[in-house]
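Right, one structure below, let's go through it.
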Amino acid sequence: MGQVACLRPFAPSLALLMAATTTSAAPLAAPLAGAALDALLDRITVLKLQQKSIDAELCPLLEQLSGALEAGELDASFSHNGCSFCWSAGRTSYAYPEPLQQQEQALKEAQRLAVATGTATEKHGKAFWTIKPGRS
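FYI, numbering that gives the first Met the number 0 numbers position 63 of the sequence shown as 62, with every residue one higher than the one before it.
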């Protein structure tokens, strides 16, 4: 079956965690400054560190779960205690031969030129936060 990515596939969003764990009745979009902003950042930091600890504990458990799947003890999709479990194979990637890599580089250069000359149309995805705990 291969390796298991040691990530929580059903992790709640940070906004949901904050809404469930903060005592503030203020909406998340309210402007913050000074002590309120520091408190918000402190809470996010604590949650991210807790998440890192939980992920470290969860990783070997997911490996055991994959072993049970490989042994035929589990289906690839099931529910337990109100949680849905669904095994997913990792993303397939490819290593291309040199001629294709050269074509890719030529395409990338043509794309850079299109951006530089203004012939490419700019699009923006939805904004989001990436929050990573410091390395310990």
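From the three backbone atoms N, C-alpha and C, an ideal C-beta is built for every residue, glycine too.
Length of the line joining the Cα atoms of Gly71 and Val114: If you number the sequence shown from 1, residue 71 lands on position 72. If you number the sequence shown from 1, residue 114 lands on position 115. In a straight line, the C-alpha of Gly71 is about 52 Å away from that of Val114.
Length of the line joining the Cα atoms of Arg90 and Gly33: For this step, residue 90 is matched to residue 91 along the sequence shown. For this step, residue 33 is matched to residue 34 along the sequence shown. Cα-Cα distance, rounded: 43 Å.
Given 8 Å, three or more beta-carbon pairs between the segment 30-48 and the segment 60-75: no
Residue span of the beta strand (DSSP E) that contains Ser136, given as start and end: With the chain covering only 0 through 135, there is no way to say anything about residue 136.
Where Ser52 falls: helix, strand or coil (DSSP): On the sequence shown, residue 52 is found 53 positions in, with the first residue counted as 1. Ser52: helix per DSSP, three-state reduction.
Beta-carbon proximity check, Cys85 vs Ser76, cutoff 8 Å: Residue mapping note: residue 85 aligns to position 86 of the sequence shown, counting from 1. Residue mapping note: residue 76 aligns to position 77 of the sequence shown, counting from 1. Yes. Within cutoff.
Alpha-carbon to alpha-carbon, Gln104 and Arg74: Mapped onto the sequence shown, residue 74 falls at position 75. Mapped onto the sequence shown, residue 104 falls at position 105. The residue you asked about is not Arg; residue 74 is Asp in the sequence shown. Straight-line Cα distance between these residues: approximately 43 Å.
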